[in-house]
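Here the structure comes first, spelled out in structure tokens, and everything after it is commentary.
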Amino acid sequence: MNQLPGIVELLDESGVGLTGGGGLLDERERRILIGAINFHALTRPGQTFRITVLRGPRGSMPSLTDEKTRQIEWEDDREVVGSLVVRSTVQTTTGKGATEGLLDLAVDLGGEPEIASAYHQLPGVLGKVRRSVRFFAPVQFDVLRQYRTDVTEKRYRQRDVPKKAPVRITRGTTATTAGTTPAILFGIHWLELGGAERFALETVQLAKDAGFTPIVVTDRPSTHPWITRPELDGAIVVPLTHPVAAAEESAFLNGVLSAYDVRGVHLHHSTWLAQRLPWLKSIRPDLPVVDSLHILEWRTGGFVDISVRMTNVIDQHHVISPMLRDYLIGKQGVNPDKVKLATLANLTTKGIEENARTEKPAGAPFTVAFVGRFTQQKRPYLFLQLAASLKEAVDSPVKFIVHGDGELASEVTGLIARLNLSDVLELRGPDKPVAKTLADADVLVISSDNEGLTLTSFEATAAGVPVVSTEVGSQASLIAEDLLLPRHPYPFISTATKRIRTMINSPEQRKIWLDEQAGKAAAFAKLPDARTWVRDTYEGWLK
Numbered sequence: 007m008n009q010l011p012g013i014v015e016l017l018d019e020s021g022v023g024l025t026g027g028g029g030l031l032d033e034r035e036r037r038i039l040i041g042a043i044n045f046h047a048l049t050r051p052g053q054t055f056r057i058t059v060l061r062g063p064r065g066s067m068p069s070l071t072d073e074k075t076r077q078i079e080w081e082d083d084r085e086v087v088g089s090l091v092v093r094s095t096v097q098t099t100t101g102k103g104a105t106e107g108l109l110d111l112a113v114d115l116g117g118e119p120e121i122a123s124a125y126h127q128l129p130g131v132l133g134k135v136r137r138s139v140r141f142f143a144p145v146q147f148d149v150l151r152q153y154r155t156d157v158t159e160k161r162y163r164q165r166d167v168p169k170k171a172p173v174r175i176t177r178g179t180t181a182t183t184a185g186t187t188p189a190i191l192f193g194i195h196w197l198e199l200g201g202a203e204r205f206a207l208e209t210v211q212l213a214k215d216a217g218f219t220p221i222v223v224t225d226r227p228s229t230h231p232w233i234t235r236p237e238l239d240g241a242i243v244v245p246l247t248h249p250v251a252a253a254e255e256s257a258f259l260n261g262v263l264s265a266y267d268v269r270g271v272h273l274h275h276s277t278w279l280a281q282r283l284p285w286l287k288s289i290r291p292d293l294p295v296v297d298s299l300h301i302l303e304w305r306t307g308g309f310v311d312i313s314v315r316m317t318n319v320i321d322q323h324h325v326i327s328p329m330l331r332d333y334l335i336g337k338q339g340v341n342p343d344k345v346k347l348a349t350l351a352n353l354t355t356k357g358i359e360e361n362a363r364t365e366k367p368a369g370a371p372f373t374v375a376f377v378g379r380f381t382q383q384k385r386p387y388l389f390l391q392l393a394a395s396l397k398e399a400v401d402s403p404v405k406f407i408v409h410g411d412g413e414l415a416s417e418v419t420g421l422i423a424r425l426n427l428s429d430v431l432e433l434r435g436p437d438k439p440v441a442k443t444l445a446d447a448d449v450l451v452i453s454s455d456n457e458g459l460t461l462t463s464f465e466a467t468a469a470g471v472p473v474v475s476t477e478v479g480s481q482a483s484l485i486a487e488d489l490l491l492p493r494h495p496y497p498f499i500s501t502a503t504k505r506i507r508t509m510i511n512s513p514e515q516r517k518i519w520l521d522e523q524a525g526k527a528a529a530f531a532k533l534p535d536a537r538t539w540v541r542d543t544y545e546g547w548l549k
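Counting from 7, one number per residue, gives the positions in the sequence shown under our numbering.
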């Protein structure tokens, strides 16, 4: 259990159970509340707060640090859980006048986690039309999306991203005395299931192992189901909700810098913290900054564009694939000395072994698996269309496993029924181990319309499973050449059907493709390892 950190003193509480036991909050809610308290304690050193704790309906987002927390009225569907009084013990040079009296806040913990698609949130008639088209004609809808991607990608490859001017001063001015506890400031997207988030939490653990206190700031709306992960035990977690008052942004970061001896900043897809790097560098030009990047996002530019824009205030761009390295250096002109390729090849393969594969009796179905979040990027609906095609195209028994969950879950279950796949398809949730699905599978299919380099590809290779994948991101670094397929829906379905039918009829050819994949994986594994590089970087920050 994550206890109340030393920057806060609990003076009184009613019904909340903040320090554990006898309260009305579950562990996820309790940690979210502590996260909100962390923000306010760091933002207003020495202040005493009385916090009214609210709970919303299922799927509602928390309100923890935004301007609504100053309001002492709330929506009708919010339940009052309890109340507590805490005092910030953060010390700064701020005069006593700023901390006198009691400041009332209303912190809304939101509701139970529920994944909501952006399409579910589209308002009005347009939103209803798009949702209907997506559900009843997902492949046709995706055809239009891919043509739009083609246009956007072509335009994107031709443009240069403007860069923020560097901060050239060598010493910042000092207004407060820094703390004595070595810390690393992390910027993370959110605390939910994802490859980037998995690696981010790994680095949080590495920071703890090195003797740092991790200060973890998230900046996207979420109910943060991963906030209870053991990697976050002992960390100062601050889940931001926006809009944060402008004056409180610098106050919060000043509080962090005065309460802790911050030795470095590590970004993991964090827009808010990335955009405040110039200010951080202006007051702490000695502060090293690392930005870890996973994927190029053609439609929006995404986090890679933000990183390029901020390159003059970033010391190291950590990339997980050769494609990202080549893009930053070759296309955007980032200094090669600042770009570090260090891969995640072995991040999630521990415990996955080829000899754990299920022995199948003669005549057992050939099993085709999908493992991933049910999102537009992963396109589970395309896998289901492929399953329907294969069911009709092969004479021997075939089985399908769809392993995951996400915002398109209702569409996935609806399509399974519409495509008449219920008798040959098994749905598995995230509570089931991926290793078991890979042990049961004869081939893994990755149908994504964009990727960096998927962790499931490494896991499948470790399990002895060939991968059929769209040719996106750096997948070509790992997948057999014949099994790299077009991103567009209809060519993908037809080509994947042919390749998998070949595997069913020719185990020898399946082994040839698997051996090619294993050879690429072995070569990739010889590249620098991300965990080793991060560990060495953090140890350097301790000196």
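Every residue, glycine too, gets a C-beta built ideally from N, C-alpha and C.
Report yes if the CB atom of residue i is closer than 7 Å to the CB atom of residue j, and no otherwise.
i                 : j                 : result
phenylalanine 464 : alanine 351       : yes
serine 20         : glycine 52        : no
leucine 197       : histidine 248     : no
phenylalanine 55  : leucine 109       : yes
glycine 458       : isoleucine 301    : yes
lysine 169        : threonine 317     : yes
valine 295        : aspartate 321     : yes
glutamate 73      : alanine 251       : yes
alanine 394       : leucine 431       : no
phenylalanine 309 : histidine 275     : yes
glycine 270       : tryptophan 80     : no
phenylalanine 376 : phenylalanine 389 : yes
glycine 65        : glycine 117       : yes
glutamate 237     : valine 210        : yes
Helix, strand or coil: how does DSSP classify residue i here?
i                 : result
histidine 494     : coil
glycine 270       : strand
phenylalanine 218 : coil
glutamine 332     : Checking the displayed sequence, the identity of residue 332 turns out to be aspartate instead of glutamine. Of the three classes helix, strand and coil, the one that applies to aspartate 332 here is helix, per DSSP.
histidine 300     : coil
threonine 373     : strand
lysine 438        : coil
phenylalanine 380 : coil
arginine 61       : strand
proline 188       : strand
isoleucine 407    : strand
histidine 323     : strand
threonine 460     : coil
Nearest by alpha-carbon distance to residue i: which of the options is it?
i                 : options                           : result
leucine 39        : Leu90, Pro328 and Val296          : Leu90
isoleucine 510    : Pro284, Asp166 and Val400         : Val400
glutamine 382     : Lys532, Ala502 and Gly412         : Gly412
tryptophan 519    : Ser475, Ala445 and Leu60          : Ser475
valine 374        : Asp446, Phe258 and Leu347         : Asp446
proline 284       : His195, Ile312 and Ala415         : Ile312
proline 492       : Tyr544, Leu484 and Asn456         : Asn456
phenylalanine 485 : Arg507, Lys526, Val449 and Glu514 : Rather than phenylalanine, the amino acid found at residue 485 in this sequence is isoleucine. Closest option to isoleucine 485, Cα to Cα, is Lys526.
serine 298        : Gly23, Val540 and Leu461          : Val540
When you compare only the Cα positions, how much space is there between residue i and residue j?
i                 : j              : result
alanine 551       : glutamine 523  : Outside the displayed span of the chain (7 to 549) sits residue 551, for which this structure offers no information.
serine 500        : arginine 174   : 56 Å
glutamine 338     : aspartate 215  : 35 Å
proline 63        : isoleucine 289 : 42 Å
alanine 529       : leucine 392    : 31 Å
leucine 567       : serine 264     : Limits of the chain in this structure are 7 at one end and 549 at the other, which puts residue 567 out of reach.
phenylalanine 498 : alanine 423    : 22 Å
leucine 48        : valine 113     : 16 Å
threonine 543     : aspartate 292  : 15 Å
tyrosine 125      : valine 145     : Interpretation of tyrosine 125 is limited by its pLDDT of 47, a score under 50 that renders its predicted location unreliable; no figure is taken from the coordinates.
alanine 348       : aspartate 535  : 5 Å
asparagine 44     : valine 223     : 10 Å
aspartate 437     : histidine 409  : 10 Å
lysine 532        : leucine 490    : 22 Å
serine 327        : leucine 30     : 45 Å
For the ligand GDP, I want to know if residue i counts as a neighbour, meaning its beta carbon is within less than 6 Å of at least one of the ligand's heavy atoms.
i            : result
glutamate 81 : The ligand GDP is not part of this structure, which contains no ligands at all.
If contacts are defined as beta-carbon pairs under 8 Å, then residue i and residue j qualify, I think. What distance do you get, rounded to the angstrom?
i              : j              : result
arginine 34    : isoleucine 242 : The pair is not a contact, with the Cβ atoms about 17 Å apart (cut-off 8 Å).
proline 495    : valine 149     : 6 Å
isoleucine 358 : valine 449     : Contact flag wrong, Cβ pair sits at about 16 Å.
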